[in-house]
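> Would you mind keeping the following structure in view while I ask a few things?
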Amino acid sequence: MKTFINIAIFILSTTIYSQDLQYLKKLDTIYIPFKQGKYNIKIDYPEEKDGLKNRSYIFNYKKNDSHYFDFELKKNPNKILEIRKADKSFLRKNKKNIIKIKGLEKFDYQDIQCDLFTRLKTFYIIDFSEKKDRAYIIYRVTHINSCISRE
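Everything in the sequence shown is counted per numbering that gives the first Met the number 0, starting at 0 for the first residue and increasing by one.
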């Protein structure tokens, strides 16, 4: 009986939150947390002669090298690079807009590519490997994968 009460208290005290695909499709801004690892890769490209540096964030889907999501941070002289800082309160406020790639594994890869990661949405990478003044750095990125149409 004591075990049952402990489990009930634990379940009631934690926030159970499940994101479904229909809800995610309606979002206009999506934040994706990035932690460097075997299946999450950050590539910093060499600095170009004009001083600009590009970066790529690659997330492998279901730990499969053939299915991945690629987001690019491109700095060009005509466009101002959008960088923000995010502290813990920002992360709590935007919890519903933060999508973990691991949480997308329950959905079909093509549905994610074609319906969720469209060019109409604004994507931000929360880079947990970079911290400045006790806040994480957030980069606005573009999704560069293509959607393969099904017939």
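Where a beta carbon is used, it is the ideal one built from N, C-alpha and C, also for glycine.
As the structure is a computational prediction, the values presented were derived from the model and not from experiment.
Identify whether residue 65 lies in helix, strand or coil by the three-state DSSP scheme.
Reduced to three states, the DSSP call for residue 65 is strand.
> Just reading off the beta strand (DSSP E) that residue 122 is part of, what are its end residues?
Bounds of the beta strand (DSSP E) holding residue 122 are 121 to 131.
> How many Å lie between residue 119 and residue 27 at the Cα?
If I take the Cα positions, the gap works out to 7 Å.
> Who pairs with residue 97 in a beta bridge, going by DSSP?
According to DSSP, which records beta bridges pairwise, residue 97 is partnered with 30.
> If you compare alpha carbons, which of 81, 47, 46, 32 is closest to residue 57?
32
> Could you compute how far the alpha carbon of residue 113 sits from the alpha carbon of residue 127?
27 Å
> Thinking C-alpha only, which one of 101, 129, 95, 21 is nearest residue 30?
95
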